[in-house]
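Remember, the working numbering sits 138 above the position in the sequence shown when you count from 1. Even for Gly, the Cβ is constructed at its ideal location relative to N, Cα and C. Here's the structure we're looking at; comments come further down.
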Amino acid sequence: MDVEKGKSDRLLKALGQQIRDLRIEQGYSQEGFADKCGVHRTFMGTVERGESNLSFQNIARVATTLGIPLSTLFLDIEAKARIFGGHGVQKDKESPRSTKARVSKRTSKVH
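What follows is the structure, encoded as structure tokens:
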């Protein structure tokens, strides 16, 4: 696997994990969240597992549904991608609460 492909795969998995963490934090089921975003539940599952490359339109829908700026969706993605190490999905060791605290802190600065 070439280095850039490996890095982009890890970034995609990190973004999917970020979306999953924020969705759960806000109390959405995967099916309910997918419905609000206007996509199928199975597609959202592939997104959250880092198996689907999102279009910009779908990224914007996700951020809008979560009620967050696009920049917050990408917060710390590079650091999270390093956790994956290119050998399959590993669970992010950060709790959703610590993600929420960082997101709340960041979004309060943005508004």
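Starting from residue 187, trace the alpha helix (DSSP H) both ways and give me its first and last residue. For the purposes of this step, residue 187 is identified with residue 49 of the sequence shown, where counting begins at 1. Premise fails: residue 187 is in no alpha helix (DSSP H) and is neither H nor E.
Alpha-carbon spacing of residue 185 relative to residue 154, whole angstroms: Looking up residue 185 in the sequence shown gives position 47. Looking up residue 154 in the sequence shown gives position 16. The alpha-carbon atoms of residue 185 and residue 154 are separated by roughly 5 Å.
Can you tell me whether residue 177 is helix, strand or coil according to DSSP? The residue given as residue 177 occupies position 39 in the sequence shown. For residue 177, the secondary structure class from DSSP, reduced to helix, strand or coil, is coil.
At a cut-off of 7 Å, would you count residue 193 as near the ligand GTP, judging by its Cβ distance to the nearest heavy atom? The ligand GTP is not among the ligands present in this structure, which contains no ligands whatsoever.
Return the Cβ separation of residue 179 and residue 169 in integer angstroms, given the expectation that the two are a contact with Cβ distance under 8 Å. Here residue 179 is taken as the residue at index 41 of the sequence shown, counted from 1. Here residue 169 is taken as the residue at index 31 of the sequence shown, counted from 1. Rounded to whole angstroms, the Cβ separation of residue 179 and residue 169 is 4 Å, and the two are in contact under 8 Å.
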